[in-house]
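The block underneath contains the structure these notes are about, expressed in structure tokens.
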Amino acid sequence: MAQRILVLGASGYIGQHLVFALSQQGHQVRAAARRIERLEKQRLANVSCHKVDLHWPENLPALLRDIDTVYYLVHGMGEGGDFIAHERQAALNVRDALRQTPVKQLIFLSSLQAPAHEQSDHLRARQLTADTLRDAGVPVTELRAGIIVGAG
411 MAQRILVLGA SGYIGQHLVF ALSQQGHQVR AAARRIERLE KQRLANVSCH
461 KVDLHWPENL PALLRDIDTV YYLVHGMGEG GDFIAHERQA ALNVRDALRQ
511 TPVKQLIFLS SLQAPAHEQS DHLRARQLTA DTLRDAGVPV TELRAGIIVG
561 AG
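Residue 411 is where the sequence shown starts when you use the numbering used here, and the numbers rise one by one after that.
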């Protein structure tokens with residue numbers, strides 16, 4: 411049965427491949443990212459592209475309207491500065507928006523975890539993001555992947 415799916419971080423390496431696969435399976439996909447031009451050029455069936463910055467939360471309710479499943483593929487490692495705070499704010503904004511929607515499932519691409527005293531800033535940010543998203547009241551599936559290398 412076709413689902414209505416929102417992919418946050420759709421312009422990244424995993425996001426691009428996921429959007430293509432979901433499109434091929436007949437799902438209705440909203441592909442959202444800050445830079446969506448590459449996906450727009452592909453003109454995939456069943457895919458609408460949306461430019462979004464998760465730090466501007468006023469756009470999130472419309473994106474989440476009538477969505478069954480959200481894939482959260484966003485990370486702030488390339489942002490420089492305090493990327494932990496950057497990731498935390500994005501996750502808080504999504505969490506708050508999710509609380510106002512009937513989304514049935516959130517799938518979060520995280521990273522492998524280490525004991526707290528051995529965590530890098532990246533691992534701390536991923537854990538904080540997961541904890542924040544779990545607080546939305548929506549069932550969360552957290553995929554803890556190792557390093558993913560690819561153009562995106």
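Every residue, glycine too, gets a C-beta built ideally from N, C-alpha and C.
Considering only the beta carbon of each residue, do V457 and R444 sit closer than 8 angstroms?
As a first step, residue 457 is located in the sequence shown; it is residue number 47 there, counting from the start. As a first step, residue 444 is located in the sequence shown; it is residue number 34 there, counting from the start. No, they are not a contact pair.
Have a look at V513 and L543 and give me their C-alpha separation to the nearest angstrom.
As a working mapping, residue 513 is identified with position 103 in the sequence shown. As a working mapping, residue 543 is identified with position 133 in the sequence shown. C-alpha separation (whole angstroms): 13 angstroms.
What is the C-beta distance between L516 and V480, in whole angstroms, given that I count them as a contact (C-beta under 8 angstroms)?
Along the sequence shown, read from residue 1 onward, the residue named residue 516 stands at position 106. Along the sequence shown, read from residue 1 onward, the residue named residue 480 stands at position 70. About 5 angstroms; that satisfies the 8 angstroms criterion.
Opposite K514 in the DSSP bridges: which residues?
Against the sequence shown, residue 514 aligns to sequence position 104. Per DSSP, none; premise fails for K514.
Output needed for G425: all residues of its chain with C-beta closer than 6 angstroms, excluding positions within five of it in sequence on either side, in chain order.
In the sequence shown, residue 425 corresponds to position 15, counting from 1. So the list reads V417, G419 and L483, once near-sequence residues are dropped.
According to DSSP, Q399 sits in a beta bridge with which residue or residues?
Only positions 411 to 562 of the chain appear in this structure, which leaves residue 399 out of reach.
Which residue marks the beginning of the beta strand (DSSP E) containing L464, and which one marks its end?
Taking the first residue of the sequence shown as position 1, residue 464 is located at position 54. Run containing L464: none; DSSP gives neither H nor E here.
Under 8 angstroms, do L470 and H460 count as touching if we go by C-beta distance?
The count along the sequence shown starts at 1 and reaches residue 470 at position 60. The count along the sequence shown starts at 1 and reaches residue 460 at position 50. Taking 8 angstroms as the Cβ cut-off, L470 and H460 do not qualify as a contacting pair.
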